[in-house]
Amino acid sequence: MFKSFSELKRPKPTWRKNAEHYRKLWKLKGLDSVEPLVHFVLPFAALMLVGVEAKRALPISLAALLPDLDALFLVHRSISHSILVVLAVIAPFLLLTHKFKPRLQGYGLLALMAAASHLALDLFTSYTPILWPLYGYSVWVQTELVTHFGSSPSFVPIARLLAKPTTFQQFQSFDAPLFTGEGFIISVVLLMPVLLKGFKALWQRAWRFRVSMSD
40 MFKSFSELKR PKPTWRKNAE HYRKLWKLKG LDSVEPLVHF VLPFAALMLV
90 GVEAKRALPI SLAALLPDLD ALFLVHRSIS HSILVVLAVI APFLLLTHKF
140 KPRLQGYGLL ALMAAASHLA LDLFTSYTPI LWPLYGYSVW VQTELVTHFG
190 SSPSFVPIAR LLAKPTTFQQ FQSFDAPLFT GEGFIISVVL LMPVLLKGFK
240 ALWQRAWRFR VSMSD
């Protein structure tokens, strides 16, 4: 007897089953989050577009990943996702650079903006303790524009501000994607102007080299 195709399919590895299970569970509990790739690419693309060199934009954009270091302690959306805590951590660096290395203060401010962009993205995806400890509630800003096409097309804007008491729950294990297909495509689109700008610069440099060699 031949086995059906479904019977011949290899079972999913245990770690993949667990990852899918926890991803669904986090989403149901309002713990769904933006993936690290998008957190990094957004400030990186913005810095490159305003003229910051890649060798400087790269370390500055890494600051956008700092709030998620709480995952190393098996906790997510903890105090590292509070803008007050982020300010308290970066403020000493800004004061020291202002006194001893003024030329580095601009990079400190850009790093602060990169970290703040992480909190802003998370604020629109799930509950975030954005003002902890001054405000003991985690906040979730939900915005949608629902469309209906039928006998009478309609557009329904939805804006909700949800809040629940802040609790920091520790997990026994932590599974989360570094990037997904959707996040990868979004990152490519965000980087497209930067890539085109770099390609244009390389093309112009190659053309000038070719002209100089012909002369």
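Residues in the sequence shown are numbered from 40 upward in steps of one, following the working numbering. Here a beta-carbon is modelled for each residue, glycine too, at the ideal position from N, C-alpha and C.
Ile169 in three-state terms, based on DSSP: coil
Count Cβ pairs between the stretch 136–154 and the stretch 165–185 that sit closer than 8 Å; are there 3 or more? no
Which residues DSSP lists as bridging Leu234, in chain order: DSSP lists no partner for Leu234.
Between Ser165 and Leu81, which are expected to be in contact by the criterion C-beta below 8 Å, what is the C-beta distance as a whole number of angstroms? Not quite, the Cβ-Cβ distance comes to about 17 Å (not below 8 Å), so this is no contact.
I'd like to know whether the C-beta atoms of Pro128 and Phe207 end up nearer to each other than 8 Å. Note that residue 128 corresponds to Val in the displayed sequence, not to Pro. In this structure, Phe207 does not lie closer than 8 Å to Val128 by Cβ.
Whole-Å CB distance - Ile99 paired with Ala150, under 8 Å assumed: 5 Å
With burial defined as no fewer than 16 other Cβ atoms inside 10 Å of the residue's Cβ, what is the status of His78: buried or exposed? buried
Bounding residues of the alpha helix (DSSP H) (the contiguous stretch that carries Leu149): Gln144 to Leu162
What residue ranges within the stretch 85–147 form continuous alpha helix (DSSP H) runs of no fewer than 4 residues, ordered along the chain? 93–101 and 122–139
For Gln209, three-class secondary structure by DSSP: strand
Taking DSSP as the reference, what is the three-state secondary structure of Leu201? strand
Sub-8 Å separation of Asp107 and Pro131 beta-carbons: no
First and last residue of the beta strand (DSSP E) that includes Val185? Tyr176 to His187
Within 10 angstroms of its Cβ, does Pro168 collect 16 or more other Cβ (buried), or is it exposed? buried
Could you name the residues of the same chain whose beta carbon sits closer than 6 Å to that of Gly147, not counting the 5 residues immediately before and after it, in chain order? Phe132, Leu133 and Thr136
Give me the Cα-Cα distance between Ser177 and Phe188, rounded to the nearest whole angstrom. 35 Å
Member of Leu104, Phe112 and Thr186 whose CA lies at the smallest distance from the CA of Leu217: Leu104
Are Leu88 and Pro232 close, meaning C-beta to C-beta below 8 Å? yes
What are the partner residues of Phe194, as DSSP defines its beta bridges? Thr186
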